[in-house]
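Working notes, structure below.
Numbering (my numbering), first residue to last: 83 to 252.
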């Protein structure tokens, strides 16, 4: 999926309340936010490749409020501000896993507020901030490689965060 030739960028795919998106290998080019899922949407992603508009612009995958996530695996997200922009403001905290892939040239790998998650088997390069987790109790980061610039993992008010078998390099 790509923008038309006369546009600078496009908005991507928006999954509204109650909608469902199943991806089995999709490529997104020049989208402001490749996938934007809103409250009560359902997401199932297996192989997504996102080429964004530059490190200071847009998101790869944005999840707002109580999005039901079946899978997010085998990802490649490049050249966006936030690879994953996650907020869950309705008091529910349904954990999900981001499993396998590559994230490169981003400001934030994951910015999650009130949504616990598991990051597993990710290769992260050229990120100013790796995982930024606020109010994400019980989250886990395992088997990831962080080749970061500034910060690998930042957590606030996220008790029981497990960090296991990761590599960090600068």
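Ideal Cβ positions, reconstructed from N, Cα and C, are used throughout, including at glycine.
Compare the beta carbon distance of residue 166 and residue 192 with 7 Å and say whether it is the shorter of the two.
Cβ distance < 7 Å, so residue 166 and residue 192 count as in contact.
Between which two residues does the beta strand (DSSP E) harbouring residue 214 extend?
Per DSSP, the unbroken beta strand (DSSP E) holding residue 214 starts and ends at 199 to 216.
Beta strand (DSSP E) segments (min. 3 residues) lying fully within the region 125 to 188:
Counting only runs of 3 or more residues that sit fully inside the region 125 to 188, the beta strand (DSSP E) segments are 141 to 146 and 150 to 169, in chain order.
Count the other C-beta atoms from every protein chain shown that fall within 10 angstroms of the C-beta of residue 185, then say buried if there are 16 or more, exposed otherwise.
Counting Cβ neighbours within 10 Å, residue 185 comes out buried, since at least 16 surround it.
Using C-beta distances below 7 Å, list every residue in its chain close to residue 241, excluding the 5 sequence neighbours before and after it, in chain order.
So the qualifying residues of the chain are 219.
Over what stretch of residues does the beta strand (DSSP E) that includes residue 96 continue unbroken?
It spans 95 to 97 - the beta strand (DSSP E) in which residue 96 sits, taken as one unbroken run.
Would a C-beta distance cut-off of 7 Å place residue 153 and residue 127 closer than the cut-off?
Yes. Within cutoff.
Beta-carbon contacts of residue 233 that lie in its chain and below 7 Å, excluding the five residues immediately before and after
Answer for residue 233: 211 and 212, listed in chain order.
Which first and last residues belong to the beta strand (DSSP E) in which residue 123 is found?
First-last for residue 123: undefined, no H or E at that position.
Reference residue 150, options 190, 123 and 136, closest by Cα
Of the candidates 190, 123 and 136, the one whose C-alpha sits nearest the C-alpha of residue 150 is 123.
Contacts around residue 183, its chain only, beta-carbon distance under 7 Å, and the 5 residues preceding and following it disregarded
A distance below 7 Å between beta-carbons, with the five flanking residues on each side excluded, links residue 183 to the following residues of its chain, in chain order: 156, 157, 158 and 204.
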